[in-house]
Structure formats: C-alpha cells, structure tokens
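Worksheet: the structure to be examined is printed underneath.
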C-alpha cells in the first residue's frame, strides 16, 4: 500500500549551517594533527571480488516464515485496533536537540569529512540505557520521501546486550523542531495471546513500503507499520499483564509479522542493510559483520524485493519460500558497519559505499566507495588520511528526494549529501 503525501521543502537556517561549518573546521584541524599516524593504518580494501554461482551465494539464502494472519488477528483483537505510524508521531513527547544544542563530546562523533549538513542529538534521559543502532527513513518507504503528511526518520536502539530493542519514530516534517516517540519491537507468541521482546541487537534496518526489516541474529525480522499497537500498562514487564499489555514503559509495540533466516552453510553474521532504488526491482543490500581488526574478508550482497502487490515490502522468494542473493561480492574490508549501493545513471555497475569501524589505533572510522575496479576513500587532513568518517557511524540510508545520506554516530544523528561524499573521495 502506498502512502503518498504532498511534496514540501524546508530550508535550514543560516545559523545551523554556520555552526556545522565551524564544527567541521575544528574536526578537520584535529584530523590534521593525527593524520600522519592514521595514514599508516588506512588499509585499502581494494576491488570487489564477485561471488558467482552456487558456491558463492548458497550461504546467503534466506528462508521466509510469515506469522499466520490468525495469530496477528488474535493479538489485535485482544489489544485493540492497530493505530499505525501517525498515532506514534502524535504521541511524540521527546525532542531532538539541534546541532548547537549538542555537547562538545557528542559533536566529536561527527564525520571530519565530508561535513554533516544536519545534526541532532537525542534526549539524554530517554536514551541513557540504550545503544543507538540502525537508521532508515520515509525516503526508503516511498520514493517521494513522505508517509502520509509526514517526513519520518526511524532510529533503532538496543538495551542490555540485545535484551530489548525499540524503534524511535522521529517526525522530521519540520527539521528545525523534531519530536519523537518509541515503540518496543516484539514477537507474537502463544498464537497471538501474548508477545515477547525481540532479543537482538539492531545493526541494520530498512523501511520499504509498509514493512520494516530489522537485522536480528542470523536473519531479519519483518514488521508491518500499519500494525502498531497501543499498550495499556506502564510497567517494566513485556507482554500480557493480567488484563492489560505492558512494553517496558513504552506506549506502543510493533509486533513482528514474519522473519527471514540464513540457512546456508558458512552463513555470515548479518550486519547492516539498506535500500537500493537504482536497481529493477528495488533491492535490499546487506553486509557481513566482522571484527574491525580481523583479517577475514566481508561479503556484500543484495536481494530483490517482490513485485507482487500482495507481498508489498517482502523479498522475492521461490516456490520453497527462499530468497536468494541476486548479486554478491567479497571485500577485503573488515569491521563493516554501514553499506549503501547506488548505480549512477549510465554506469554499468553499482558503486558500494562501505562504512568501517575505527581500528584499535584509530579514533574515526572510514568510508570507502568500492567497485570491481578498486576503492576510494573520503580523506581529510594535510596528509589525506582516510579515517574521516564518524567515530562509530552505523548503517547508511539514502534519502533519494533530498540527496542526503543519513547515519548515526554514537548519540548524534546526522545527514551528509551524497554529492559531498563523492566529492570527498580521493
């Protein structure tokens, strides 16, 4: 189901642009002082190596398992009619701080180059025990960038080593005053008569049409954003409590409607995911999670989304319910925390943007664009060091209508124009 709204544009204030420019200059000065040492650890991940045939892609197979409609209907009958995204935004009670309201410590997590053009920090009290993870937007959900009458950013969070996971819904309609509310991610159990918490750290997330796909252990969980439910009990429990429903203090829950599990031998640890609208059909891009200082190579691959209107937001599967990788590569990069793929107009293949975590001797991460011919990094400082990306920047999400790439580094949410990333490549 398409949720199209009217197109609107809002300009950022000159003060914010000046502030972020000043921050970028300060970070660049810091990068200049440490660039010499960074240059020794800025290893080049080289060209992508295609993985062809069954031997290369069998390990990337996903088996789809959808929650029975009867289970979902039982849960919504007990909890009340689902409310959807608009109700969550209407209940937004927390404010994001604009860049000038972020602390100096929070701003040090921003990329050195290219500089962020938008930056926001979260309500410190609300996020105190949570770890920021993946980012996706209504620019992924619909190509016009709107969900009904709102522009929306979704940010994934994990608590206590994956014991709880939630998604914060940010109303980004007015980017000078962004408010948010969060929904706990849950999984229906007992035929829909109860639910449990999703116990997985979030490292990747894509909102496509009415579905939200979230990384979870050895695969993905699928959520239907038209099935947001209200809770009735404000307590620490998760699930049914007597005649009410609790979600660890959250006013909303989002119950899973399905999952995809990696089933092949030598299956990777799934890391980040993103949406690529430059393919036909649109595709889900994924990366393998490896340690930042490991010698092991990581895999990058993609799945096609289904073109069947009855399967909106789900992956294309064969008769056995298996989604197969339609393209796969190996990169010499390790510690991949964000991946994005875009095919430029007229180009034969896609460029893969790979965000990497800092190694033990680095402060900042790095951002590379790779293809089958080689790799280029965004660089900074007088020595042209490649460690210029966010300190702990995670998933990457491209907002096609605005040309911006969104990510999150530590507790700071930021956007960088894709053209600025391309311009900063060596």
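Residue numbers (mature numbering (1 follows the signal peptide of the UniProt record, and there is no 0)): -26 to -1, 1 to 400. The C-beta atom is built at its ideal place from N, Cα and C for all residues, glycine as well.
{"Asked": "Residue 102 versus residue 294: straight-line alpha-carbon distance, rounded", "Found": "44 Å"}
{"Asked": "Chain-order list of residues whose beta-carbon lies under 6 Å from that of residue 315 (same chain, five-residue window excluded)", "Found": "250, 259, 324 and 326"}
{"Asked": "Selected residue, minimal CA-CA separation from residue 225, among 140, 176 and 47", "Found": "140"}
{"Asked": "Residue 155 to residue 132 span [Cα, whole Å]", "Found": "15 Å"}
{"Asked": "Per-residue burial, residue 205 [other beta carbons within 10 Å of its own, 16 or more giving buried]", "Found": "buried"}
{"Asked": "8 Å contact criterion, which residue 109 and residue 380 should meet: CB distance rounded", "Found": "5 Å"}
{"Asked": "Segment contact, 8 Å Cβ cut-off, at least three pairs: the region 154 to 171 with the region 208 to 225", "Found": "yes"}
{"Asked": "When 234, 127, 162 and 268 are compared against residue 147, the one with the closest alpha-carbon", "Found": "127"}
{"Asked": "Segment limits, alpha helix (DSSP H) that includes residue 140", "Found": "That residue, residue 140, is in no alpha helix (DSSP H); its beta strand (DSSP E) goes 138 to 145."}
{"Asked": "Pair within 9 Å by beta-carbon distance, residue 377 and residue 393", "Found": "yes"}
{"Asked": "Those runs of the beta strand (DSSP E) which lie wholly inside the region 143 to 207 and span at least 3 residues", "Found": "153 to 163, 168 to 171, 179 to 182, 185 to 190 and 193 to 198"}
{"Asked": "Residue 85 burial status per 10 Å Cβ neighbour count (16 or more: buried)", "Found": "buried"}
{"Asked": "First through last residue of the beta strand (DSSP E) which encompasses residue 390", "Found": "386 to 391"}
{"Asked": "Distance, residue 116 Cα to residue 19 Cα", "Found": "33 Å"}
{"Asked": "Test item: CB-CB of residue 36 and residue 253 under 9 Å", "Found": "no"}
{"Asked": "Candidates 68, 107, 83 and 313, of which the one nearest residue 96 by Cα", "Found": "68"}
{"Asked": "Opening and closing residue of the beta strand (DSSP E) in which residue 106 lies", "Found": "104 to 111"}
{"Asked": "Nearest-angstrom Cα separation, counted from residue 318 out to residue 333", "Found": "31 Å"}
{"Asked": "C-beta contact flag for residue 172 and residue 186 at 9 Å", "Found": "no"}
{"Asked": "Under the three-state DSSP convention, the category residue 429 falls into", "Found": "In the structure as shown, the chain starts at -26 and stops at 400, and residue 429 therefore has no counterpart that could be examined."}
{"Asked": "Check whether residue 241 and residue 282 have beta carbons under 9 Å apart", "Found": "no"}
{"Asked": "Helix, strand or coil at residue 252 [DSSP, three-state]", "Found": "coil"}
{"Asked": "Sequence-distant residues of its chain with Cβ nearer than 8 Å to residue 279 (five each side left out)", "Found": "182, 255, 256, 257, 258, 287, 288, 289 and 290"}
{"Asked": "With 16 other Cβ atoms within 10 Å as the buried cut-off, status of residue 398", "Found": "buried"}
{"Asked": "Runs of beta strand (DSSP E) lying entirely within the region 24 to 97, each at least 3 residues, in chain order", "Found": "36 to 40 and 92 to 95"}
{"Asked": "Check whether residue 111 and residue 371 have beta carbons under 9 Å apart", "Found": "yes"}
{"Asked": "Helix, strand or coil at residue 116 [DSSP, three-state]", "Found": "coil"}
{"Asked": "Cβ neighbours of residue 70 in the same chain (closer than 8 Å, five flanking residues each side left out)", "Found": "94, 95, 96, 97, 144, 152, 153, 154 and 387"}
{"Asked": "Simplified DSSP assignment, three categories, for residue 439", "Found": "Nothing in the structure corresponds to residue 439, since the chain is present only between -26 and 400."}
{"Asked": "Residue 42 classed as buried or exposed, judged by whether at least 16 other C-beta atoms fall within 10 angstroms", "Found": "exposed"}
{"Asked": "Residues near residue 83 by beta carbon distance below 7 Å, same chain, minus five either side", "Found": "364, 365, 366, 383, 384 and 386"}
{"Asked": "C-alpha gap between residue 56 and residue 353, whole angstroms", "Found": "47 Å"}
{"Asked": "Euclidean distance between Cα positions of residue 342 and residue 362", "Found": "10 Å"}
{"Asked": "Residues that residue 235 bridges to, as DSSP identifies them", "Found": "37 and 193"}
{"Asked": "Length of the line joining the Cα atoms of residue 296 and residue 38", "Found": "6 Å"}
{"Asked": "Cα-Cα separation, residue 159 to residue 113", "Found": "21 Å"}
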